[in-house]
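Since the structure comes first, as structure tokens, the remarks are kept for the end.
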Amino acid sequence: MSITYLEAIRAAQAKALAEDERVFIYGQDVAAFGGAFKATKTLSKEFPGRVIDAPISEDAIAGLAIGAAIEGMRPIVEMQFADFSSIAFNQIVNQAATQYWRTGVSCPLIIRLPSGGTDGSGPFHSQSMESLYSHYPGLIVMTPATVEDAYGMLLEAVAIEDPVIFCEHKFLYYHLKAEGLPDSILPVGKARIARAGRHATVVTCSAMVHESLRAAQELVNDGYEIEVVDLRTAKPIDTDTVLASVARTGRLLCVGEAFPWGGLTAEVVSRVVSEGFHLLDAPPKRLNAKDTPIPYHPNLWRVHRPTSQSIAAALRDLLSL
Amino acid sequence: MSITYLEAIRAAQAKALAEDERVFIYGQDVAAFGGAFKATKTLSKEFPGRVIDAPISEDAIAGLAIGAAIEGMRPIVEMQFADFSSIAFNQIVNQAATQYWRTGVSCPLIIRLPSGGTDGSGPFHSQSMESLYSHYPGLIVMTPATVEDAYGMLLEAVAIEDPVIFCEHKFLYYHLKAEGLPDSILPVGKARIARAGRHATVVTCSAMVHESLRAAQELVNDGYEIEVVDLRTAKPIDTDTVLASVARTGRLLCVGEAFPWGGLTAEVVSRVVSEGFHLLDAPPKRLNAKDTPIPYHPNLWRVHRPTSQSIAAALRDLLSL
Amino acid sequence: MAETASQLSDAKLTARQRYLDAFRWMLLARILEEKLARLYRAGMIVGGVYIGRGQEAFSAALGMQLNRQEGDVYAPLIRDQAGRLAFGEAILDATRTYLGSVKGPMRGRDGNIHRGRPKQGLIAMISHLGTAISVANGMLVAKRFRGETQSIGGVCIGDGGTSAGAFHEAVNQAAVEKLPLIIAVADNQFAYSTPRDRQFACKDLVDRAIGYGIEGYSIDGTDLNACLETFAKAAQRARSGHGPQMVVGHLLRLSGHGEHDDASYIAPELKNQQYGGDCLEISTAHILGQEWMDETEMEALKAELQEQVDEAVATAQKEPAPDPFQESWHALATKHLTEGTPGI
Amino acid sequence: MAETASQLSDAKLTARQRYLDAFRWMLLARILEEKLARLYRAGMIVGGVYIGRGQEAFSAALGMQLNRQEGDVYAPLIRDQAGRLAFGEAILDATRTYLGSVKGPMRGRDGNIHRGRPKQGLIAMISHLGTAISVANGMLVAKRFRGETQSIGGVCIGDGGTSAGAFHEAVNQAAVEKLPLIIAVADNQFAYSTPRDRQFACKDLVDRAIGYGIEGYSIDGTDLNACLETFAKAAQRARSGHGPQMVVGHLLRLSGHGEHDDASYIAPELKNQQYGGDCLEISTAHILGQEWMDETEMEALKAELQEQVDEAVATAQKEPAPDPFQESWHALATKHLTEGTPGI
Ligand SMILES: Cc1ncc(C[n+]2csc(CCOP(=O)(O)OP(=O)(O)O)c2C)c(N)n1
Ligand SMILES: Cc1ncc(C[n+]2csc(CCOP(=O)(O)OP(=O)(O)O)c2C)c(N)n1
Ligand SMILES: [Mg+2]
Ligand SMILES: [Mg+2]
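Chains as they are written, first to last, in my numbering: chain A, 22 to 342; chain B, 22 to 342; chain C, 317 to 660; chain D, 317 to 660.
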């Protein structure tokens, strides 16, 4: 049996609904329709009354989830696209994220963000927002890159007492398959060595893990062994695993699909140079999307974000230093 | 004649209104009342009909400004506090910031954000949001640290064809005074050496420039000459000036008032190590606010954000490496 | 069915008792807030002080309909000291929070009106107006999931706050979910300095109710009896499955926006117009007129409440302020996932 | 004043001409969108295709009231191909944008319904629903500043979009500023898969108008005459200083949400209920019934419009796609303040 990244997300929600009566799902078109991407397909039938269609009101959707979480429920919110969470931004960063610190009452909810670019999706259906949410205190930000993590981390998210921003990548929904679902995964907050190597380290997450793995494969022909670290969570960042990898390779490239100013790649580079300066044999590099909105046209889009080719080029450059 | 940072902001708006008929001001309580901080005091009398009270509708406030800008006006929006711009977040990053790139029609508007912490202001009246807005393509983000820049940069902002996020610091409103208003200032996008030195470089902006200058002064007793670079704009960052300073000093500390994950300090450190790795004699360091909401109580608040003491301590640490 | 004389007088007695109970909360709120305002002017409170002068009747009347023990939830806003007290918030919670005692519910992390005890049904407001309503919706949805169908919610908003998108989304959401929610709109004619004609263009904010498909009431918010009766009715309708109830109270803000604000932009004539009166004066006169209390009893009540307030202030003032080195600086409940402060 | 027979027939002639003009835009929109849908199914359009089947009458009637040359502004939404054409958008703008020609108004940077020409009064929508209304407000405010008081604006929203906070804030803002704005609410009974009873609880969305203090109209959106008359009246009221006008059109979405969606969740019976009809069929029948055209003329018209569409498609298909190496990759108009891509 083979299962996709998207099916894994659905399966995790089904399991959470079955095993934890505090769980319910709230979002636009998630009930009978099963969600814009079918991540909640048939769940409203299997769990009557626990998968609820919301009006086009992202602020109130997040607000309702916050209230329910405070009252002891475990809401899972589906944003139709990550990009629309900008409407819920205030509720997420100012209401959900501050609740525990201000009142001592925890606010365990999950906001699923169908994230990242795909062909033809354009400026408002392609964004990667992990850096925004990581900037604000009080949130955990997950960025699963594998079918196993999509499943396991979503279940972990349900168990966590804090608000979790779950950035699931739309490009991986159908493209990524696994043979089955895992019984256990790495603990939340631990990065994963997606590929071992010794000449340079690529630190990345989500869909960019796969582009990086392809780039690493390409560099085998050049005689290089590239290590790829999948961060798994953007917040917290597993700096130890990153440092240990850089200690092995001496070279660091951080790759992100989000906009270039600030964000995950800058944070990782900054931590590595602060804590592991002496480990570096060359200046660390970053590769992000371009500093424009995300283009609609596939010709432009493929150049806007990092790809295995541009990652391979950046790696060759890094290795030549 | 002595003029405060706040009066300079008012004076710049008065001059803009007087000299450019495209300018108008829109925000809550900005008209007869003159704004929560009096930054628009008497302007509605001096310029009848051009200073307009808005309902409590930050999304629509930003939206109206965008429409007027598209139509050739030069709106200046006052958010009552920077923190409330979270409600306008979507309009700012998705509507204003993408307009020129998508349509070729520029969107020249200014959003004034009374920013940063003061005693007793708490989690929702103290935020520094420059990193959020810098992350998104299509915005210019100004963070003036001096009376002269508050005045001159606001006037530059009116001249610029793009949306400008103007982060003015509430702590500086009354505390900071100058003898008069400048005829000209450094061009937008250029950083300023606020204090020359040769043992270490502090890169910062806004209120933290003054904390850093105090720390630098303190370190004179230790025999150190600290260079302080005032970035002036968070986006674009004047990487050249920063690199030139690091070339002189070999040591870098980035100081920011915002939350620690990502943001301005991470971006500066990342650029310096990418482009000026060999210039560094020691690992670069960062000092930001703590990773919790901003506390209400002065006892907590003073420890939450960087101060001259914690900056001095970080510098001593940096200089010992 | 005809009522007997004794039944009638029972009802009257109950109404009178309810009026006097409300009056007590109103008076206590007034005395407490006047004290806080004095402390602020004396420089003993950092940040701001926001008081509900003139809104005590409207506020208390909602608070009295909500029952913490029954699981009701309450989202007060800036000017709801009276409602908070009626709901059961301790005076000490207010004084401790305003005075920055580490023993208060917010432990110095947040201040003044932002206090709350979510586990006791009292939402701790964030500043962004309108955003607590959907949170209350969520609490009610949670209760519905658990079958706790006796609980209702009460949320407060000002005339200004009704312009916020968050208000609209949440009220509409409550209507779609048919939640047992009372939405109390205190139209005090100003939002900070902004008069209502710069905030909305309908005649009466209750005109919004029909557009949400919910039941609405428009009342004189300075008339304690009207407030008590209307909120009682709204609560009864909400509890019996009639969905959200919007109560618009007309009154006038009799203070600055905060104590830093002299409100010189509010024309004094407004006080002499309809809804411009002070609900506390009006109800005091009513009580004395009805001879439910005499002047001496009234003075004694004031003294008693003043003593409660002074004691709560004294207690809070004796308590330690938060110590940054005792602070955990953890924004997460899941401690082991908290990041250290990177880069240092 | 009594009208003479010739005046009457003039008015009738004008009405007939208006009807036929509108019909032409409706038909053109339908033909264009059917073509686009076919291209999508053939894999020749990347992204999505969103069509306005069943909404052409309502959409065109608003577009026809707006005059680009007079400085009117228009914020169409997902299903407003007919209104766009009536407003004066070229067919080529649509085909170029859908087919990703670099010569289109969006130059491949944005796609499908997100196209616009703001300098010609046509707002280029972002996806976030409700957010274009305040932009239109701002354009009207700019015109008011310049004394261009003849201009009006028209904005479109669906039943679902009315739940968005942005919609509320902007409509309220327009009401407070008394802007000459027509708000066309196309209640097509669904928002994607979500039926209207999960979106709002009022009987008719026009019930919202009173709460905003603006004038409102509720009409059968499949009846072209009703649409034409109502929007004409609304435009006249807006132009003559009566502030925002809300027109709610009742109809049914006769397509999937996008062409990827088979809309199997829409019960077929709905098409037989009130407002479930196809406005194009209804108006075709009306025209033939009134003998304003015969079948042959109708077929000829279709053929003519089909040819226009095919030509626009062919032109766009011949044009180059955007070349990433020709792209400037500048998000700022102020080129010298653009940052390079740091870190590489
Ligand atoms: C979204 C948002 N914008 C701005 C503010 C700043 N602010 C605080 S209170 C206030 C006025 C509120 O007026 P109203 O809702 O009428 O309540 P009142 O103060 O009259 O009780 C404003 C503008 C805020 N708290 N939230
Ligand atoms: C703020 C926001 N949330 C979600 C979406 C995703 N979305 C796009 S169209 C749509 C349904 C719109 O329904 P309606 O407003 O009734 O318009 P219709 O499609 O029926 O014309 C949704 C949910 C969006 N565009 N914007
Ligand atoms: Mg008010
Ligand atoms: Mg619809």
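Backbone N, C-alpha and C define an ideal beta-carbon position, used for all residues, glycine too.
Interface flag, residue i vs chain B, CB-CB below 8 Å
{"i": "Pro434 (chain D)", "result": "yes"}
{"i": "Ile442 (chain D)", "result": "yes"}
{"i": "Lys618 (chain D)", "result": "no"}
Cβ distance (whole Å) where residue i is taken to contact residue j below 8 Å
{"i": "Ser136 (chain B)", "j": "Ala103 (chain B)", "result": "4 Å"}
{"i": "Phe45 (chain B)", "j": "Ile73 (chain B)", "result": "7 Å"}
{"i": "Pro158 (chain B)", "j": "Ala118 (chain B)", "result": "6 Å"}
{"i": "Gly125 (chain A)", "j": "Arg43 (chain A)", "result": "Rounded, the Cβ-Cβ distance is 20 Å, inconsistent with contact."}
{"i": "Leu285 (chain A)", "j": "Ala310 (chain A)", "result": "That belief does not hold up - the Cβ atoms of Leu285 (chain A) and Ala310 (chain A) are roughly 12 Å apart, past 8 Å."}
{"i": "Leu321 (chain B)", "j": "Pro638 (chain C)", "result": "5 Å"}
{"i": "Val263 (chain B)", "j": "Val241 (chain B)", "result": "That pair is no contact at about 22 Å."}
{"i": "Phe547 (chain C)", "j": "Val522 (chain C)", "result": "About 14 Å; that fails the 8 Å criterion."}
{"i": "Met441 (chain C)", "j": "Ile449 (chain C)", "result": "Rounded, the Cβ-Cβ distance is 11 Å, inconsistent with contact."}
Unbroken beta strand (DSSP E) run spanning residue i, endpoints
{"i": "Met163 (chain B)", "result": "Ile161 to Met163"}
{"i": "Met100 (chain A)", "result": "Looking at the DSSP string, Met100 (chain A) is not in any beta strand (DSSP E), and its letter there is neither H nor E."}
{"i": "Gln561 (chain C)", "result": "Gln561 to His566"}
{"i": "Phe68 (chain A)", "result": "That residue, Phe68 (chain A), is in no beta strand (DSSP E); it is neither H nor E in DSSP."}
{"i": "Ala221 (chain B)", "result": "Ala221 to Thr225"}
{"i": "Asp536 (chain D)", "result": "Glu531 to Asp536"}
{"i": "Asp539 (chain C)", "result": "Run containing Asp539 (chain C): none; DSSP gives neither H nor E here."}
{"i": "Ala391 (chain C)", "result": "Val389 to Ala391"}
is_contact[residue i, chain C] using C-beta, thresh 8 Å
{"i": "Thr313 (chain B)", "result": "yes"}
{"i": "Arg255 (chain B)", "result": "In the sequence under discussion, the amino acid at residue 255 (chain B) is Ala, which differs from the Arg named in the question. Taking Cβ atoms only, chain C never reaches closer than 8 Å to Ala255 (chain B), which makes this a no."}
{"i": "Tyr157 (chain B)", "result": "no"}
{"i": "Arg123 (chain A)", "result": "yes"}
{"i": "His190 (chain B)", "result": "no"}
Test: residue i CB closer than 8 Å to a CB of chain D
{"i": "Leu336 (chain A)", "result": "no"}
{"i": "Met174 (chain B)", "result": "no"}
{"i": "Gly210 (chain B)", "result": "yes"}
{"i": "Tyr154 (chain A)", "result": "no"}
{"i": "Gly527 (chain C)", "result": "yes"}
{"i": "Gly485 (chain C)", "result": "According to the sequence displayed, residue 485 (chain C) carries Glu and not Gly. Judged by the 8 Å Cβ criterion, Glu485 (chain C) is in contact with chain D."}
Where the alpha helix (DSSP H) through residue i begins and ends
{"i": "Arg400 (chain D)", "result": "Gln397 to Phe403"}
{"i": "Met150 (chain B)", "result": "Met150 (chain B) -> no alpha helix (DSSP H), and no H or E assigned at all."}
{"i": "Gly454 (chain D)", "result": "Ala448 to Phe461"}
{"i": "Ala595 (chain D)", "result": "Note on residue identity: the sequence assigns Cys, not Ala, to residue 595 (chain D). Cys595 (chain D) -> alpha helix (DSSP H) spans Cys595 to Gly605."}
{"i": "Gly173 (chain B)", "result": "Val168 to Ala180"}
Residues that DSSP places opposite residue i in a beta bridge
{"i": "Tyr317 (chain B)", "result": "Per DSSP, none; premise fails for Tyr317 (chain B)."}
{"i": "Gly48 (chain A)", "result": "A:Asp74 and A:Glu99"}
{"i": "Lys306 (chain B)", "result": "B:Leu274"}
{"i": "Pro511 (chain D)", "result": "D:Phe506"}
{"i": "Cys188 (chain B)", "result": "B:Leu134"}
{"i": "Ala377 (chain D)", "result": "DSSP lists no partner for Ala377 (chain D)."}
{"i": "Asp251 (chain B)", "result": "B:Arg213 and B:Thr225"}
{"i": "Arg433 (chain D)", "result": "D:Leu438"}
Cutoff 8 Å: residue i Cβ touching any chain A Cβ
{"i": "Asn453 (chain C)", "result": "yes"}
{"i": "Ser571 (chain D)", "result": "no"}
{"i": "Leu289 (chain C)", "result": "The question about residue 289 (chain C) has no answer here: the residues shown for chain C are numbered 317 through 660."}
With a cut-off of 7 Å, give the chain-ordered residues whose Cβ is closer than this to any heavy atom of ligand 3. C:Gly474, C:Asp475, C:Gly476, C:Ala502, C:Asp503, C:Asn504, C:Gln505, C:Phe506, C:Ala507 and C:Arg569
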